[in-house]
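In my numbering, the protein residues as written are 480 to 801.
Accompanying notes for the structure given below.
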């Protein structure tokens with residue numbers, strides 16, 4: 480189990496995931512949860528902090544407190560996205576975003592799509608330094624990604640458990656989706672609702688999919704990515720039909736993806752013809768340009784090795800312990 484939890488991954492994957500998560504936090508403040516700032520206009524006696532807010536304890540939100548948290552979190556998240564001071568900035572962003580969420584969810588409604596993101600923010604500071612494109616493997620980074628993956632899948636599985644616990648079998652055979660379509664459905668949802676019994680079948684399918692979601696950890700790498708693709712398609716349909724966004728959950732779910740292959744800066748340099756001299760961090764295993772980037776007479780590192788989707792793909796450099 481410990482080997483599975485700490486399975487080494489390329490540092491470039493950790494760096495890309497870190498940048499994506501912290502940029503999402505900044506975007507979340509201004510796009511998805513700017514309404515948290517309106518909580519200061521709500522009477523303080525309506526503030527019912529979550530358990531963690533009662534245990535710490537945290538102060539009742541005021542205009543000054545919320546404003547300071549907003550601007551400090553926005554600035555620190557953008558700085559953390561650069562990869563500098565990963566522990567100091569990472570812990571600061573984690574603490575401030577947790578308080579932001581406690582304020583948001585302490586007035587009667589708690590969203591479960593934030594769980595994976597909060598776990599990612601809590602474990603990323605432990606991953607240490609990582610550079611984009613670095614193929615050296617790290618167990619500390621592997622642990623951070625794996626724990627985030629577990630949190631993502633727990634969100635699905637526990638959602639099904641909650642449906643059956645509080646709604647029972649009536650959740651499967653009732654009018655849950657019908658009510659959602661009436662409240663916030665789109666034209667596409669209206670078309671789907673006209674098909675007899677389709678909404679009931681969909682409710683059975685949703686619970687089955689959530690209960691079976693842990694199977695993703697048992698699949699080979701290629702099929703695992705295919706199943707994650709299905710997860711994303713499920714949420715795409717959800718947005719297209721009942722306009723419910725799970726954006727924080729979708730951001731955390733990128734922990735399953737080989738993000739080290741996404742190199743927008745390098746692609747932009749190639750596109751404009753201003754690519755910088757090659758370096759170890761700009762070369763990924765199996766890159767067809769590798770042969771042009773090594774000294775004459777020296778074979779490219781990893782040449783001839785098969786390139787796979789698995790985490791055990793050939794890498795450059797010596798594995799580094801946490």
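Backbone N, C-alpha and C fix where the C-beta goes; we use that ideal spot for every residue, glycine too.
It should be emphasised that the depicted structure is a prediction, and the values quoted were computed from it without experimental measurement.
- Runs of the alpha helix (DSSP H) spanning 4 or more residues and lying entirely within the segment 607 to 677 occur at 618 to 641, 649 to 652, 655 to 663 and 666 to 672, in chain order.
- Nearest to residue 542 by alpha-carbon distance, out of 516, 633, 669 and 561, is 516.
- The three-state reading of DSSP puts residue 489 in strand, counting E and B together.
- It is roughly 37 Å from the alpha-carbon of residue 735 to the alpha-carbon of residue 538.
- Separation of residue 570 and residue 562 (C-alpha to C-alpha, rounded to the nearest whole angstrom) is 13 Å.
- In the three-state scheme derived from DSSP, where H, G and I count as helix and E and B as strand, residue 561 is classed as coil.
- Put simply, of 512, 493 and 713 the residue whose alpha carbon is nearest the alpha carbon of residue 565 is 493.
- Between residue 598 and residue 630, the C-beta gap is smaller than 7 Å, which places the two residues in contact.
- Each residue's CA atom was taken as its position, placing residue 607 and residue 620 some 7 Å apart.
- Between the alpha carbons of residue 533 and residue 518 lies a distance of about 18 Å.
- Between residue 671 and residue 677 the beta-carbon gap is near 6 Å, inside 8 Å, which marks them as a contact.
- Here DSSP, grouped into helix, strand and coil, assigns residue 593 to helix.
- Between the segment 734 to 749 and the segment 635 to 644, the count of Cβ pairs shorter than 8 Å is below three; the stretches do not touch.
- DSSP places residue 708 inside the alpha helix (DSSP H), whose first and last residues are 700 to 721.
- Sequence-distant partners of residue 559 (beyond 5 residues in either direction) whose C-beta falls short of 7 Å from its own C-beta, in its chain, are 501, 568, 569 and 572.
- Around the Cβ of residue 554, a 10 Å sphere holds fewer than 16 other Cβ atoms; the residue is exposed.
- DSSP, read as helix, strand or coil, puts residue 725 in coil.
- Following the DSSP letters along the chain, one finds residue 483 inside the alpha helix (DSSP H) bounded by residues 481 to 484.
- Under the 10 Å beta carbon count, residue 524 is surrounded by fewer than 16 other beta carbons and is classified as exposed.
- The C-beta distance from residue 552 to residue 575 rounds to 4 Å, short enough to meet the 8 Å contact threshold.
- Counting along the chain, no alpha helix (DSSP H) covers residue 509, and no H or E run does either.
- Residue 603 is a Cβ neighbour of residue 497, given a cutoff of 7 Å.
- Its chain contains 537, 581 and 585 as the residues whose beta carbon lies nearer than 7 Å to that of residue 528, once the 5 sequence neighbours on both sides are disregarded; these appear in chain order.
- Residue 692 and residue 633 have their C-alpha atoms roughly 9 Å apart.
- Under the DSSP assignment, residue 533 falls in the alpha helix (DSSP H) whose first and last residues are 530 to 534.
- In summary, residue 547 is exposed, with fewer than 16 beta-carbon neighbours lying within 10 Å of its beta-carbon over all protein chains present.
- Rounded to the nearest angstrom, the Cβ distance from residue 484 to residue 733 is 19 Å, too far for a contact under 8 Å.
- When the Cα atoms are used, residue 641 and residue 623 turn out to be separated by approximately 27 Å.
- Membership of residue 744 in the alpha helix (DSSP H) is indicated by the continuous run 743 to 751.
- DSSP, reduced to helix, strand and coil, places residue 692 within a helical segment of the structure shown.
- Taken through DSSP and simplified to helix, strand or coil, residue 566 comes out as helix.
- Assigned with DSSP and collapsed to three states, residue 499 falls in helix.
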